[in-house]
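If you read the sequence shown in the working numbering, its first letter stands for residue 3, the second for the next number, and so on.
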Amino acid sequence: MNSFLLIMISGFLVVDHRLRVRREVGQTRVALAEEAKTLYESAVAVEGENSDAVQKLVDSVCARMNSDESPGHHIALQWRGELLQAKSHGRSSPEMFDAMMAAAHGHVDAEPMAEAMVVGAFQGPAGQVLVSEQRSNILAVAREALIRQMIAVFLAGSLAAFLVNLVLRKIVTKPIRRLVTSLQSVGDGNLESRVDVHSCRELTYLGEQFNDMAAKLDAAERDRRIHMSKAKAIQQNLRPSSEVIPGLNIAELFEPAEDVGGDYYDVIRLNDNSTLLCIADVCGHGVPAAMAATLLKAFVAEAAKQSRHPAEILTRVNQQYHEYVMLGYFATMVLVRIDMAEKQLVYANAGHELPFLQCGQEPVQRLDHSDLILGVEEDTTYEESRRSICSGTKLVLVSDGVTEAFNPDDEQFGTERVTDTIEQAIGENASELVQRFAKALGSFRNDRDAFDDTTLVVAELVEEDDRLNESES
């Protein structure tokens, strides 16, 4: 706005300066013409005294002219066929007369000197009188007036701009700044932020609408949190119970990236008294992934009633998951059946992170069999593998939220750190190993938020005497 006013004022001053110069030139020409008329009448009156009377009159008049106040002032006459010019200022010449004649009749292009002067003329029976003055004097006067005007306009404009900016700052800038601050606060999650705007009608209305919007967003967020809290409670209730399983200690770490997550794990007692461990990870997280994980739990529970073989259970689950779950919400899952009586585990894997197995103090191994993830092809048939185990064996099932956890330097936790953590926990029970993992992950992330759900299940084969000793200690 200030730039626009500056351009408008500058344009006005330029136009006004040109009009002023034109007006001053016109007024000077009229004054010089009046002077020429007076000289003509004086010359007529004195010419009878002697032949040099007119020349003396011209020289006398021109000599009385102050060169500072009227620079370039010159008088020329074409008097009764004779050319007379004032000699007092030394400007007398035929070229000077020709230039004055050209300027008097508007033929400034004909004589180079004519453009630099303003001429007033009077024509009578005895002859013609020409009186000239330099145009530069008129331009100097106009320029001085322009400078004075510019100074006055600048001072008045500065004062006006200061007052306008002061008013705009009070009724526009400050209210808008408060509104922007409140908008940023709402954008940062503070939905209780409100703005107090008492300004022009439009900004006051805008502030009222913002407060109304923020109040509605706050109410919607409160409602969302209530629903998410209920969803979280439902998902927590779907976690397996802490039932004591003979010969098996189980501990878990479950940390959804949001209120609810797409990771799911379960511990199911089968009809033959073996135990089925399940861990799954649905693509994504949040409510959609949690709903898909809930379906997986139901599918696994139902399939486990019909078969005790992990491969058959996975095949049935995949068929149902492919049928009922929306395309794109693929899932990985690993099933491990632990038979304590036969000291054997049977497992099937649908694209999930390979389980970690440690028998006693031996090096950690991976259960390296895996097939296609769930939900891709309905007719996928899964295979299963077997491993012998012994008392003290630890089985660690993790989701990719563990192995793909990032630290502030964008390094992944990785499978090697999982292996190292297990091997450092020789002699520790399942709960202690889970606590070690929780500390290791927290230290590694170093306050960086988890981008994916974190799920870890540890199953430890123990003798009943060992369990009693642990409970007593």
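Note that the Cβ used here is the ideal one computed from N, Cα and C, for glycine as well.
query, result
"Since glutamate 462 sits in a beta bridge, which residues does DSSP pair it with?", "Asn251, Lys396"
"Taking all protein chains shown into account, do 16 or more other C-beta atoms lie within 10 angstroms of the C-beta of histidine 200, making it buried, or fewer, making it exposed?", "exposed"
"Would the beta-carbon of isoleucine 428 fall within 9 Å of that of glutamine 363?", "yes"
"Is tyrosine 266 near the ligand ADP, with its Cβ less than 8 Å from a heavy atom?", "The ligand ADP is absent from the structure shown, which contains no ligands of any kind."
"Could you tell me which residues DSSP pairs with phenylalanine 301 in its beta bridges?", "DSSP output for phenylalanine 301 lists no bridge partner at all."
"In whole angstroms, give me the CA-to-CA distance for threonine 277 and leucine 376.", "22 Å"
"With 16 other CB atoms within 10 Å as the buried threshold, where does proline 177 fall?", "buried"
"Helix, strand or coil, according to DSSP, for valine 199 in the structure here?", "coil"
"With distances taken from CA atoms, which of Glu380, Thr383, Ser387, Glu379 is nearest leucine 369?", "Ser387"
"For the pair the segment 428-442 and the segment 286-298, tell me if three or more CB-CB distances fall below 8 Å.", "no"
"Across which residues does DSSP place glycine 129 in a beta bridge pair?", "Trp81, Gly126"
"Thinking C-alpha only, which one of Glu135, Glu257, Lys441, Leu458 is nearest valine 398?", "Leu458"
"Between glutamate 430 and glutamate 462, what straight-line distance do the alpha-carbon atoms span, to the nearest angstrom?", "10 Å"
"Hey, how far is the Cα of threonine 395 from the Cα of cysteine 361?", "4 Å"
"If contact is defined by three or more beta carbon pairs under 8 Å, each pair taking one atom from either stretch, is the segment 305-320 in contact with the segment 337-352?", "yes"
"Taking the alpha carbon of glycine 263 as the point to measure from, which residue in Asn251, Val269, Gln238 has its own alpha carbon closest?", "Gln238"
"Could you work out which residue in Leu34, Gly286, Leu148 is closest to isoleucine 11 when comparing CA atoms only?", "Leu148"
"Within 10 angstroms of its Cβ, does threonine 183 collect 16 or more other Cβ (buried), or is it exposed?", "exposed"
"Does isoleucine 228 come out as helix, strand or coil in the three-state DSSP assignment?", "helix"
"Relative to the alpha-carbon of glycine 249, which residue among Gly50, Ala35, Asp341, Asp449 has its alpha-carbon at the smallest distance?", "Asp341"
"Pair every Cβ in the segment 159-170 with every Cβ in the segment 122-135, then say whether three or more of these pairs are closer than 8 Å.", "no"
"Could you give the distance in angstroms between the alpha-carbon of isoleucine 79 and the alpha-carbon of lysine 89?", "Going by the sequence as given, residue 79 is leucine instead of isoleucine. Rounded to the nearest angstrom, the two C-alpha atoms are 12 Å apart."
"Roughly how many whole angstroms lie between the Cα atoms of glutamine 151 and aspartate 18?", "10 Å"
"Quick test of your reading: alanine 432 and valine 460, contact by CB under 8 Å. State the CB separation rounded to the nearest angstrom.", "4 Å"
"Taking DSSP's pairing of strands, which residues face methionine 98 in a bridge?", "Its beta-bridge partners do not exist; DSSP assigns none."
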